[in-house]
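Structure first, commentary second.
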Amino acid sequence: MSTATVVGAGPNGLAAAVALAADGVQVTVLEAADEVGGGARSGESLVPGLLHDHCSAFHPMAAGSPFLNSLGLDRYGLSWRWAEIDCAHPLDGGDAALLYRSIEDTAAGLGRDGARWRLMFGRPAADYDKLASDIMRPLLRAPSHPLALARFGLPTLLSGSAFARMFRTEKGRALFGGVAAHAFRPLNYPLTSAIGAGIVTAGHRWGWPVAAGGSGSITAALASLLADLGGKIETGVLVRAASQLPAADVTLFDLAPDAVAGVLDNRLPSRVLSAFRRFRRAPGAFKVDFAVEGGVPWANPDVGRAGTAHLGGDFAEIAASEREINAGRMPERPFVLVGQQYLADAQRSAGDIHPVYSYAHVPHGYAGDATQAIIAQIERFAPGFRERIVGWTSYDPAFFAADNPNFTGGDIITGAKDTRQLVFGPRITLSPYHLGIPGMYLCSAATPPGPGVHGMCGANAAREALRYLRRLGKA
1 MSTATVVGAG
11 PNGLAAAVAL
21 AADGVQVTVL
31 EAADEVGGGA
41 RSGESLVPGL
51 LHDHCSAFHP
61 MAAGSPFLNS
71 LGLDRYGLSW
81 RWAEIDCAHP
91 LDGGDAALLY
101 RSIEDTAAGL
111 GRDGARWRLM
121 FGRPAADYDK
131 LASDIMRPLL
141 RAPSHPLALA
151 RFGLPTLLSG
161 SAFARMFRTE
171 KGRALFGGVA
181 AHAFRPLNYP
191 LTSAIGAGIV
201 TAGHRWGWPV
211 AAGGSGSITA
221 ALASLLADLG
231 GKIETGVLVR
241 AASQLPAADV
251 TLFDLAPDAV
261 AGVLDNRLPS
271 RVLSAFRRFR
281 RAPGAFKVDF
291 AVEGGVPWAN
301 PDVGRAGTAH
311 LGGDFAEIAA
321 SEREINAGRM
331 PERPFVLVGQ
341 QYLADAQRSA
351 GDIHPVYSYA
361 HVPHGYAGDA
371 TQAIIAQIER
381 FAPGFRERIV
391 GWTSYDPAFF
401 AADNPNFTGG
411 DIITGAKDTR
421 QLVFGPRITL
431 SPYHLGIPGM
441 YLCSAATPPG
451 PGVHGMCGAN
461 AAREALRYLR
471 RLGKA
């Protein structure tokens, strides 16, 4: 029987392990933390019975993942829950743009921009299950559905700013801008519309669901499936050097490229080692978990029906704050994402005390305290929020880095998604998973298709590893 070691039990490491084990490979996963999950974990941190997601929270890409959907994870307790509205973007003065799973419902609220929204996202959303097979792998490979990919992909070559200018109303521009800001990039840069367009399109097909019982339910289901397939997970095992790696036919790393460079060092070909040491990091996240009595008192009641709220004002304000954090400066009004997962998953609350999730975009490695800036942004659109806070816990970029080494400097998307790293991954190559050492692969979110709890980075890397084993006659 062929053997594999997977370093890291985040969503991609577990996905890689499952893909290998399902093909008959004997898999051992080594995880530095005391529990599996990486960025997809959940737990009680403030009030007994109040459940917060540690990092990942809403999952349009996971619900639409070709790999995860092939596994039957409902047998292992995974189920999706949807809020009435996927995402709300409140504006000053009490108005709000609303993103529904339904294209028609979204368009109906955008006035003059409704037809444009329908034109930009209607056909790609209808084709999403075809598109996913192409956009969730390296983009420079021959597409399986070239026409569908072209219809979706050509507009995404634009910057987020240019894409937003196709909308005539502030609601339309702000709604798209808030989703595009998930790229953590200045929105005037090329391809900064791509991540936003991908999330919007996936959401119109699959919605923005949460996992019942917390995001940790996703990785718990993967771990249970792996155990049924004969795989093993060892927690509390920190791999610092190649000498610690067990002998195996293939080894996959759910680590950031700079961490892989530290482990393998000069075993890597010089071109790979040099690229990994130059790996560019994204800005950081500063997270605050709140316990809130009665929920958030939004000025616009529709925002109180949305699982996610993007707080950034109009498009110009969002673009300005993203420029600031990328220049290393903390904006007075940062872009803030607020999660109200309990609206879809009531078991996360404790009576009338509700878990409210939030994070702000901050400069990489930001050492200040953004708690009050986050509270001020929520108060801006929900006057009286402060009075409802029962308690909070803040997590700065240093916490994220200590809790998950892939998140150095608070970089929760594992690397800057600039043009080069978004298209190629950490180095320019048609094989972004292969490390240049026979049988060794990178499978973290630094590789295509990038961040999100979709498992596709791991599944794609595992497919390459299986092809290698077949060439050796071991699979």
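So that you can map any letter, position 350 of the sequence shown is 350 in UniProt numbering, and since no number is skipped, the others follow by simple counting. We put the CB at the ideal spot given by N, CA and C, even for glycine. Just so we're clear, the structure is a prediction, and the values are computed from it rather than from any experiment.
For residue i, tell me which candidate among the options has the shortest Cα-Cα distance.
i	options	result
ILE375	GLY439, HIS354 and ARG333	ARG333
LYS232	VAL29, GLY452 and ALA465	VAL29
LEU252	VAL27, ILE135, GLY213 and MET1	VAL27
ALA263	MET440, SER56 and ALA462	The residue asked about is misnamed: residue 263 is Val in this sequence, not Ala. Of the candidates MET440, SER56 and ALA462, the one whose C-alpha sits nearest the C-alpha of VAL263 is MET440.
ALA350	SER45, PRO11, ASP34 and SER193	SER45
ASP134	LEU71, TYR100, GLY10 and GLY64	GLY64
ASP249	PRO383, TYR468 and ALA19	TYR468
TRP117	LEU131, LEU91 and LEU99	LEU99
MET166	ASP113, GLY213, LEU187 and ASP127	ASP113
Three-state secondary structure (DSSP) at residue i?
i	result
THR429	coil
GLU293	strand
LYS417	coil
TYR189	coil
ILE412	coil
GLU170	helix
PHE58	coil
HIS454	coil
PRO209	coil
ALA40	coil
GLY307	strand
GLY93	coil
Whose C-beta lies closer than 7 Å to the C-beta of residue i among residues of the same chain, with five residues either side of it excluded?
i	result
VAL272	ARG427, LEU435 and GLY436
ALA221	LEU73, TYR76, GLY77 and LEU78
ASP23	LEU466 and ALA475
GLY409	ARG281, GLY284, HIS364, GLY365, PRO397 and ALA401
PRO66	ALA132, SER133 and MET136
ALA17	VAL6, VAL27, VAL29, LEU226 and GLY231
SER217	GLY77, LEU78 and ALA211
ALA33	THR235
SER224	TYR76
GLY160	GLY177, ALA180, LEU187, THR192, SER193 and GLY196
THR419	PRO190 and LEU191
Looking at the strands, I want to know which residues DSSP matches up with residue i.
i	result
MET440	THR251
SER394	VAL288
Should residue i be labelled buried (16 or more other beta-carbon atoms within 10 Å of its own) or exposed?
i	result
PRO146	exposed
GLU234	exposed
GLY415	buried
ASP352	exposed
LEU238	exposed
GLY458	buried
SER444	buried
ARG101	buried
GLY10	buried
To which residues of the same chain is residue i closer than 6 Å at the C-beta, ignoring the five residues directly before and after it?
i	result
ASP129	none
VAL288	SER358, THR371, ILE374, TRP392 and SER394
SER2	VAL25, ASP249, LEU469, LYS474 and ALA475
VAL200	PHE121 and VAL179
Sorted by chain position, which residues of the same chain lie with C-beta nearer than 8 Å to residue i's C-beta, five sequence neighbours on each side aside?
i	result
THR156	PHE163, LEU191, SER193, ALA194, ALA197 and GLY198
PRO48	ALA350
PHE276	PRO257, ASP258, VAL260, ALA261, LEU268, PRO426 and ARG427
Looking at chain B, is there any beta carbon in it that lies within less than 8 Å of the beta carbon of residue i?
i	result
ALA416	Of the chains in the structure shown, none is chain B; there is only one protein chain.
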